[in-house]
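Here the sequence shown is numbered in the numbering used here, starting from 94 and rising by one per residue. No residue lacks a Cβ here, since even glycine has one placed at the ideal position from N, Cα and C.
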Amino acid sequence: MQRGTLMAAATSVPKPAAKAPKRDATATRARLLKVAVAEFATKGYSGARMDAVASRAKVNIRMVYHYFGGKEALYIEVLEHTLAKLRTDELKLDFSAVMPIDGIMQLFDFIDGHFAAHPELMKLLSSENLNKARFMQKSILIPAMATPVLKLLQNLLQRGVADGAIARGIAPLHLYVTLVSLAYFHKSNAHTLSRIFETDLLALAWQADHKAQTRRMLLQFLTPPPAHARPTPRAKQTLAAGVPA
């Protein structure tokens, strides 16, 4: 065999196949969770399918079980993930340099905007309420998430009362539930309310007007009444008992 032929044979030896890149476990898990949020929000727990999650995330269904263990565990993590996003972003708000009443109004604006930007959270909460929080009861993380937010509100209320800018007797939990209710109800029930009142509650103009009126109500609720308008001790007793003064 000639030298040139030997050289050609040597150079034609196939190279070892390049190894396939390792799967990014963190990215795969995050993608599965994102797809699962949409699946459960759209179809509820009963209607959601694990194979649909796997298909949309472009992974083998065994990967879903590998990362999350099962449908119930995945759903609970979906609830924890969506609520954690709300709680984490709430706690990023800095109220140290603002007046307490302005801080509370900013918190309301944030909650209102968050629900508008994340309809999947409203759908998941509505579905879980229908289930009487059956799956949320199994999460130890969700109740723990609420404590820092209530402490934040308590601090704002205490500062505001001390400055005379906020009315006394407002409990942090009652206030937070009020803020969420005012930001949530008209959005989560917009379709039925629009039909009942023959008004498009999803129209941007209606939403803006409703938010403006809600802010005025909140400000009036939070602001102490003038001294001459404050109820007498007798009136306070009748109001507390639910009896008209």
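With distances taken from CA atoms, which of the options is nearest residue i?
i: Val-152; options: Arg-309, Glu-173, Phe-133, Arg-122; result: Arg-122
i: Arg-261; options: Arg-142, Gly-206, Phe-314; result: Phe-314
i: Val-273; options: Tyr-160, Gly-206, Thr-135; result: Gly-206
i: Ile-194; options: Arg-252, Ala-305, Ala-276, Phe-133; result: Arg-252
i: Ala-118; options: Ala-166, Asp-302, Lys-136, Ala-150; result: Ala-150
i: Leu-246; options: Phe-203, Ser-220, Gly-196; result: Gly-196
i: Lys-164; options: Ile-204, Asp-256, Val-130; result: Val-130
i: Ala-258; options: Tyr-160, His-159, Thr-316; result: Thr-316
i: Phe-208; options: Leu-179, Ala-120, Gly-162, Trp-299; result: Leu-179
i: Pro-340; options: Leu-217, Leu-223, Leu-266; result: Missing from the structure shown is residue 340; the chain here goes from 94 to 338 and no further.
i: Ala-239; options: Ala-255, Gln-230, Tyr-269, Lys-127; result: Tyr-269
i: Ile-204; options: Leu-275, Lys-127, Ala-298; result: Leu-275
i: Val-157; options: Lys-127, Lys-185, Ser-219; result: Lys-127
i: Ala-147; options: Glu-221, Phe-161, Ala-134, Leu-186; result: Phe-161
i: Asn-222; options: Gly-137, Glu-183, Ala-320; result: Gly-137
i: Lys-216; options: Thr-307, Ala-134, Gln-300, Phe-228; result: Ala-134
i: Ala-255; options: Asp-202, Ser-287, Met-192; result: Met-192
i: Phe-188; options: Ile-263, Lys-304, Asn-248; result: Asn-248
i: Met-229; options: Ile-169, Thr-271, Arg-124; result: Ile-169
i: Leu-312; options: Ser-287, His-159, Arg-155, Ile-263; result: Ile-263
Which word fits residue i, buried or exposed, when buried means at least 16 other C-beta atoms lie within 10 angstroms of its C-beta?
i: Lys-244; result: exposed
i: Ile-289; result: exposed
i: Ala-190; result: exposed
i: Pro-318; result: exposed
i: Leu-200; result: buried
i: Met-310; result: exposed
i: Ala-141; result: buried
i: His-284; result: exposed
i: Glu-132; result: buried
i: Pro-114; result: Low per-residue confidence applies at Pro-114: pLDDT is 46, beneath 50, and the placement is therefore not dependable enough to give any value.
i: Glu-291; result: exposed
i: Leu-250; result: buried
i: Ser-352; result: The structure shown does not extend to residue 352, since the chain is modelled only from 94 to 338, so the question has no answer here.
i: Leu-297; result: exposed
Provide the residue span of the alpha helix (DSSP H) that contains residue i, from first to last.
i: Met-143; result: 143 to 150
i: Thr-271; result: 265 to 281
i: Pro-241; result: 234 to 256
i: Asn-222; result: 212 to 223
i: Ser-139; result: 118 to 140
i: Glu-165; result: 164 to 184
i: Asp-293; result: No alpha helix (DSSP H) holds Asp-293; DSSP gives it neither H nor E.
i: Val-157; result: 154 to 161
Sufficient close CB pairs (3 or more, under 8 angstroms) joining the region 274 to 287 to the region 212 to 224: yes
Can we say the region 170 to 184 touches the region 228 to 240, given the rule of at least three CB pairs closer than 8 angstroms? The count of Cβ pairs closer than 8 angstroms, one atom from the region 170 to 184 and one from the region 228 to 240, reaches three, so the stretches are in contact.
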